[in-house]
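The next block holds one structure in the form of structure tokens; read it before the comments.
Protein chains: 2
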Amino acid sequence: MANSDPVYLRVVEDLRRQIVDGTLPPGAPIPSRHQITRKYSVGETAARHALRVLAQEGLIVGRVGSGHRVREKPILTPSYRSRVPEPHNPFAMDMQASGRQPTWSWRSELAEAPPEIAQRLQLSQWSPVIRVRFVCRGDGRPMQLATSYELVEFGQSQAPEEGTGERRSTVARMAANGTAITEISESVHIRVPQPSESDTLELPTGVQVLHVERTYWAGERPVETSDIVFPGDRFRLVYGIPVHP
Amino acid sequence: MANSDPVYLRVVEDLRRQIVDGTLPPGAPIPSRHQITRKYSVGETAARHALRVLAQEGLIVGRVGSGHRVREKPILTPSYRSRVPEPHNPFAMDMQASGRQPTWSWRSELAEAPPEIAQRLQLSQWSPVIRVRFVCRGDGRPMQLATSYELVEFGQSQAPEEGTGERRSTVARMAANGTAITEISESVHIRVPQPSESDTLELPTGVQVLHVERTYWAGERPVETSDIVFPGDRFRLVYGIPVHP
DNA sequence: CAGGCAAAGTTGGAGCCACAGGCGATGGTC
DNA sequence: GACCATCGCCTGTGGCTCCAACTTTGCCTG
Numbered sequence: 001m002a003n004s005d006p007v008y009l010r011v012v013e014d015l016r017r018q019i020v021d022g023t024l025p026p027g028a029p030i031p032s033r034h035q036i037t038r039k040y041s042v043g044e045t046a047a048r049h050a051l052r053v054l055a056q057e058g059l060i061v062g063r064v065g066s067g068h069r070v071r072e073k074p075i076l077t078p079s080y081r082s083r084v085p086e087p088h089n090p091f092a093m094d095m096q097a098s099g100r101q102p103t104w105s106w107r108s109e110l111a112e113a114p115p116e117i118a119q120r121l122q123l124s125q126w127s128p129v130i131r132v133r134f135v136c137r138g139d140g141r142p143m144q145l146a147t148s149y150e151l152v153e154f155g156q157s158q159a160p161e162e163g164t165g166e167r168r169s170t171v172a173r174m175a176a177n178g179t180a181i182t183e184i185s186e187s188v189h190i191r192v193p194q195p196s197e198s199d200t201l202e203l204p205t206g207v208q209v210l211h212v213e214r215t216y217w218a219g220e221r222p223v224e225t226s227d228i229v230f231p232g233d234r235f236r237l238v239y240g241i242p243v244h245p
Numbered sequence: 001m002a003n004s005d006p007v008y009l010r011v012v013e014d015l016r017r018q019i020v021d022g023t024l025p026p027g028a029p030i031p032s033r034h035q036i037t038r039k040y041s042v043g044e045t046a047a048r049h050a051l052r053v054l055a056q057e058g059l060i061v062g063r064v065g066s067g068h069r070v071r072e073k074p075i076l077t078p079s080y081r082s083r084v085p086e087p088h089n090p091f092a093m094d095m096q097a098s099g100r101q102p103t104w105s106w107r108s109e110l111a112e113a114p115p116e117i118a119q120r121l122q123l124s125q126w127s128p129v130i131r132v133r134f135v136c137r138g139d140g141r142p143m144q145l146a147t148s149y150e151l152v153e154f155g156q157s158q159a160p161e162e163g164t165g166e167r168r169s170t171v172a173r174m175a176a177n178g179t180a181i182t183e184i185s186e187s188v189h190i191r192v193p194q195p196s197e198s199d200t201l202e203l204p205t206g207v208q209v210l211h212v213e214r215t216y217w218a219g220e221r222p223v224e225t226s227d228i229v230f231p232g233d234r235f236r237l238v239y240g241i242p243v244h245p
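Protein chains in written order, with the UniProt record's numbering: chain E, 1 to 245; chain Y, 1 to 245.
Right, dumping it as structure tokens:
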């Protein structure tokens, strides 16, 4: 049956089987192109294509000069929670749960809301907003990117700032302002990362990202919206939704 | 600046720009490999690689014999809602909202819970459960796949059944049984589709899927769990989460 | 003995060519 | 005018080769 199939698929299927059943454990080296051509009696094109497919599936990672290896920790899954006891930070909880040191760096500045963001915040285009860009790291490696836009009236400071370390959660900051967040809505989808994103997240080519658009509501009014981007094969989003409470 | 960049990226970026800004509208033909080699003065390998990248991003689709075209409806995004007024079916709502005719086909049978499912239902391995497999279609094209596992005690029928058409929601069915669903929990992540999945969902190679693991709880007890798989670039998951109600 | 350097191996990019098989348009035949 | 066969174009697969950039290893020199 695997007779008229493309040759490279034979290689892909064999290596994939070895990876998923543990014959090739995380970190194990994958045969090089030359070794594959000999072992499977295929040409170099097929060998290269097979490696590309596996890399694209996120099962292996290739580094120039040092070969391909089975991806480390093929998905330890810290979870990303939307419902989390405030004022705890879900990212910090996930990192600590998986034994990693969470760090943050961020930069806030006054900006003009691009059309899509203005729509999400029910503002007119190019209204002033406070934009904060985050990079969340675990053991120093970037794991999540976030850009958040906040109504200026609630912003403590309109001057550019930057820093490292945890930032108080939106709910807590708003509460300190006398504004109660009543609902958080999120929209989740898959997309291809921008080159800059796959760069900073150190994603192998072909791995797509989860993009979460989150909006914080105070009654009928959206007061902050953020875009959160992270590799969705390493993370899980976890939701718990009560049924008619 | 785009000087030391790989040649194929020049082609990718130019074509991508033309697609996103509408110069190449949905359905428009993409230059063939030979045309690309001439137009951009690149080799055939680069042209092929560029087309592969764009196909992998889901922007174009290639068919043997007839060339590449800009993907139709570059993603109208019906949304997938977790919180939905019962007894409405979120899939039906999405399809009707986007002017498509929703249809279903399903098949239920008695099965033994594989380890992971048993764990999710807090059963011992290979306990009997009722497994239902769904294919949800819009205008006849498969758009979502789901497999659900239900405790036998709540199953109306243990004999294999199959049918087409809508099925009552879990919450409604359980309510009819005298069991109130109190919470739905979901875990969401990205993964590479199984060959069978990308086949039935008609996904271009390289497009990954959203995998939702959903569990229905009656108090402390899980009573049903399902795996829902769908292309996360065409669909969105939408959540609305009240903050300390 | 240590440090540095060179060689070997590896990936990723790129070019060229060939062939099988699907698709479509063109032209010729009935 | 309708229908069909043929031919050319296009993709997907696959083979071979070369090169630049990078890593690792181990040897050699100081």
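Idealized CB from N, CA, C, for every residue including glycine.
Remember, predicted model here, so these are calculated numbers, not experimental data.
Here DSSP, grouped into helix, strand and coil, assigns R38 of chain Y to helix. Bounds of the beta strand (DSSP E) holding V209 of chain E are V209 to A218. The C-alpha of A113 of chain Y is placed about 35 Å away from the C-alpha of I184 of chain E. DSSP, reduced to helix, strand and coil, places S169 of chain E outside both helices and strands of the structure shown, so it counts as coil. Straight across, the Cα-Cα distance linking H34 of chain E with R69 of chain E is about 15 Å.
C-alpha of L121 of chain Y to C-alpha of L51 of chain Y: approximately 45 Å in a straight line.
The beta carbon of R221 of chain Y is closer than 8 Å to those of Q122 in its chain, skipping five residues each way along the sequence.
The three-state secondary structure of T103 of chain E, taken from DSSP, is strand.
Close partners of E186 of chain E in chain Y (Cβ separation under 9 Å): L237, V238, Y239, G240 and I241.
In this structure, DSSP gives D5 of chain Y a state outside helix and strand, which the three-state scheme calls coil. Around the beta carbon of T164 of chain E, fewer than 16 other beta carbons lie within 10 angstroms, which makes this residue exposed. Around the C-beta of E161 of chain Y, fewer than 16 other C-beta atoms lie within 10 Å, and the residue is accordingly described as exposed.
In this structure, DSSP gives L201 of chain Y a state outside helix and strand, which the three-state scheme calls coil.
When secondary structure is reduced to three states using DSSP, P25 of chain Y falls in the coil class, being assigned neither helix nor strand.
Straight-line measurement puts the Cα of H189 of chain E at about 16 Å from the Cα of E197 of chain E.
Cβ-Cβ separation between Y8 of chain E and A55 of chain E: approximately 13 Å, too far for a contact (criterion under 8 Å).
The shortest CA-to-CA distance from I60 of chain Y to any of Y:P31, Y:E213, Y:K39 and Y:V243 is the one to Y:P31. Within 10 angstroms of the beta-carbon of Q208 of chain Y lie 16 or more other beta-carbons, which makes it buried.
Pairing T147 of chain E with D227 of chain E gives a Cβ-Cβ distance under 7 Å. For R100 of chain E and V64 of chain Y, the gap between their C-alpha atoms comes out near 48 Å. Annotation for Q56 of chain Y: no beta strand (DSSP E) segment contains it, though the alpha helix (DSSP H) segment containing it runs E44 to Q56.
Straight-line measurement puts the Cα of T37 of chain E at about 14 Å from the Cα of D14 of chain E.
For the pair P142 of chain Y and V135 of chain Y, the CB atoms are nearer than the 7 Å cut-off.
Chain E places a beta carbon closer than 7 Å to that of I190 of chain Y, counting this residue as a contact. No Cβ of chain E is located within less than 7 Å of the beta carbon of T200 of chain Y. Judged by beta-carbon spacing, I181 of chain Y lies beyond the 7 Å limit of Y149 of chain Y, meaning their Cβ atoms are not closer than that value. Fully enclosed beta strand (DSSP E) runs of no fewer than 3 residues occupy 141–151 and 161–164 of the stretch 134–164 of chain E, in order along the chain.
Within chain Y, I190 have C-beta atoms less than 7 Å from the C-beta of L210 of chain E, given in sequence order. DSSP, reduced to helix, strand and coil, places R120 of chain E within a helical segment of the structure shown. Among the residues of chain E, those whose CB is under 7 Å from the CB of G232 of chain Y are H189 and I190, following chain order. From the beta-carbon of V7 of chain Y, no residue of chain E is found nearer than 7 Å; the closest lies around 16 Å away.
A straight line joining the alpha-carbon of G140 of chain Y with that of G138 of chain E spans about 45 Å. Using a Cβ-Cβ cut-off of 7 Å, E44 of chain Y does not count as an interface residue toward chain E, since no Cβ of chain E sits closer than that to its own. When C-alpha distances from R167 of chain Y are compared across Y:F91, Y:L24 and Y:R17, the shortest belongs to Y:F91. From the beta-carbon of V223 of chain Y, no residue of chain E is found nearer than 8 Å; the closest lies around 12 Å away.
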